[in-house]
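Just so we're aligned: the sequence shown equals residues 1214 to 1767 in the numbering used here.
First the structure, in the form of structure tokens, and then the observations on it.
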Amino acid sequence: MFVDIAKVSLKAGDGGNGAVSFRREIYIPKGGPDGGDGGRGGNIIFKADKDTNTLIDFRFTPILTAENGKNGAGQRAAGRSGKDLIVEVPIGTVVYKIEREKSPHSRSIFSDGEDTERLSPVTTEQRSEREPSLFSSPSKAVPSREAKTGAQERSENDGYSRVFLADLTQDGQEAIIAKGGDGGFGNAHFKSSTRQAPIIAEVGEPGEEFEAELELKTMADVGLVGLPNAGKSTFLSVVSNAKPEIADYPFTTITPNLGVATIDGRDLLIADIPGLIEGAAEGKGLGHDFLRHVDRTAVLLHLVDVYNNDAGEAYETIRKELDKYSDLKNRPEIVALTKCEGVDEDIIKMQMASILAKNPDAKIFTISSSAHLGIKELLRELSARVAAKKASKDSIDLGREKYSHSRSIFSDGEDTERLSPLTTEQRSERELSLFSSPSKAVPSREAKTGAQERSENDEYSRVSGNDLPVISLNPKELKTAWKVEKTEDGKFIVTGEKIEKFARRTDLNNYASVNRLRDIMKKLGIRGELTSMGAEPDSIISIAGKEFTFVEDY
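In structure tokens form, the structure reads like this:
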């Protein structure tokens, strides 16, 4: 059974707790603290496997759990880390994190100007990760409402949004999908000259837990598209060893089929998807569920039945559906008129003219799969197109690795492009450093010296002259940033990456651990903010789901 969409619940391992222990040996009356640290929780890792071709296994194992880390012990014995859970998935699997729609408000902006409000839970860490990613992909267009895939439409209709996590496109490629929690420190970690007998130990941090959606997009060189009964399955069965179901009624193919065709010593991986009909991009028929499988193909082979009343109309129907679905309209395409054995040349020429009227640049072949007419010529052309596409992609990827695109922005509105050898990390750091200095004025071209121009060229990157200045924090400040909100019932909620991590590792049953968290809040300035907002000694403070009083109860 072929399954290309699955949902699974993931739970990474929790970190082990740190130990509170003191050295007790004969003749050593004050051995000092020797509590060991807890072990790290196991990660959930997805690994692409060439021998796996369906997501059916996730129907039977919908919950995946990694091993927890072990607790620390005395004599500085650290707990064992939990084993990572490695899950094999087919090549071409895309993993999304599902976020149920709850407060606070977030907006989904489409390129056609519409914006629809929906509710999705976004944590501080997720928000900080998503903001830099917006600037790191300036060329990536926001899909219009018509361009959304069936899975995207289903997710919105079902009341949840999806966050991209990983795309596994090569055999053996791995990605950490759910990260295990860090182990807590034992009391030996907290000893100092002024704190010689600490009774503080941290609890292990919980591992990530969420629901994920897996979407399989077949990795093929050639994608077969066309109306039902256009001869796609027959063509695949002739050029490869694949055995798709073939019959004289529409929608014979109900699942994608793969086959390998060999021509002149080269192998072509060909994907056959169920026939498309008008409105497939909006969910009609069977093909809309499988359009994703031609997303990654290098070349499209568009099969048109020569017995259609108007081959041009049949061709245009499929082209419109491909245009609505995604960027498939820009994919290299070859058109083949099928079932041409025994057909008059005048009819073939008329049908070819009808297609050329819709697309003058179309390259059309006439074939007959059952009679094996024109098959080799078509396969040679497909092989050449695929090789050219791959060579073009390799050269682009090589250029991107060697150079990064950057701009020099001047206050008079001019912007000049140049190529500078920057790594991805350098580029992201420099983009963030730009936004972390909003008050720094940019001098005009006439006012800058050569040294100033060089320094600014090295500092500013990928900013359009028409973009509004965006104020943000650099990576270090993002980690220490925090926010305090007061609820209607008088509770104070503190959010922030660093303070939430400390709170998750705090043992609320240990008064010394809670007092340590209060000291950290004081150093970060949170205590002063709470006081200015009217916090009383018995006010409830909530951080990362853990609640305690503002001042220690006596």
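Built from N, CA and C at the ideal position, the CB exists for glycine as well.
Nothing here was measured: the structure is a model prediction, and the numbers come from that model.
Between the alpha carbons of D1720 and V1707 lies a distance of about 17 Å. Runs of the alpha helix (DSSP H) spanning 4 or more residues and lying entirely within the region 1400-1436 do not occur at all. Around the beta-carbon of P1275, fewer than 16 other beta-carbon atoms lie within 10 Å, marking it exposed. Membership of V1308 in the beta strand (DSSP E) is indicated by the continuous run 1306-1313. In the structure shown, G1231 falls within a coil segment according to DSSP collapsed to helix, strand and coil. In this structure, L1268 lies away from L1482, with their beta-carbon atoms at least 8 Å apart. Just so you know, the alpha carbons of E1526 and L1378 end up roughly 40 Å apart.
Inter-residue distance for I1733 and E1742 is about 13 Å (C-alpha atoms, whole angstroms). When DSSP states are grouped into helix, strand and coil, S1446 belongs to the helix group. Contiguous beta strand (DSSP E) elements confined to the region 1679-1743 occur at 1696-1699, 1705-1708, taking only those with 3 or more residues. V1438 is positioned such that its CB atom lies no closer than 8 Å to that of H1506. Taking the C-beta atoms as reference points, S1583 is found no nearer than 8 Å to R1479.
Around S1726, the same chain offers I1413, T1719, D1720 as residues with beta carbons nearer than 6 Å, after the five sequence neighbours per side are excluded.
With a threshold of 16 other beta carbon atoms within 10 Å, F1273 falls short and is exposed. Judged by DSSP in its simplified three-state form, R1544 adopts coil rather than helix or strand.
In this structure the region 1292-1304 does not touch the region 1438-1457; the number of beta carbon pairs closer than 8 Å is below three. For the options E1698, N1723, Y1724, L1730, the alpha carbon positioned closest to that of E1713 is the one of L1730. Using a C-beta cut-off of 8 Å, the region 1384-1402 makes contact with the region 1252-1261, since at least three inter-stretch Cβ pairs fall below that distance. The three-state secondary structure of D1559, taken from DSSP, is helix. Within the DSSP bridge table, the entry for V1438 names H1515 as partners. Cβ-Cβ separation between D1262 and D1384: approximately 7 Å, consistent with a contact (criterion under 8 Å). With contacts defined by Cβ atoms closer than 8 Å, R1509 and G1305 form a contacting pair.
DSSP places R1272 inside the alpha helix (DSSP H), whose first and last residues are 1270-1273. It is roughly 12 Å from the alpha-carbon of V1308 to the alpha-carbon of D1217. For K1759, the enclosing beta strand (DSSP E) covers residues 1759-1762.
Straight through space, the alpha carbons of V1519 and D1557 are spaced by roughly 11 Å. Assignment of K1224 by DSSP, reduced to helix, strand and coil, places it in the strand class. Under the three-state reduction of DSSP, E1529 is assigned to helix. When only Cα atoms are considered, I1486 and Y1528 end up about 16 Å apart.
In this model, V1548 and I1476 are separated by some 19 Å (Cα to Cα). Its Cα nearest to that of G1231, the residue E1415 stands out among E1415, Q1288, P1411. Out of S1567, L1550, R1237, A1225, the CA that lies nearest to the CA of L1586 is found in L1550. Here the C-alpha atom of L1440 lies approximately 7 Å from the C-alpha atom of I1531.
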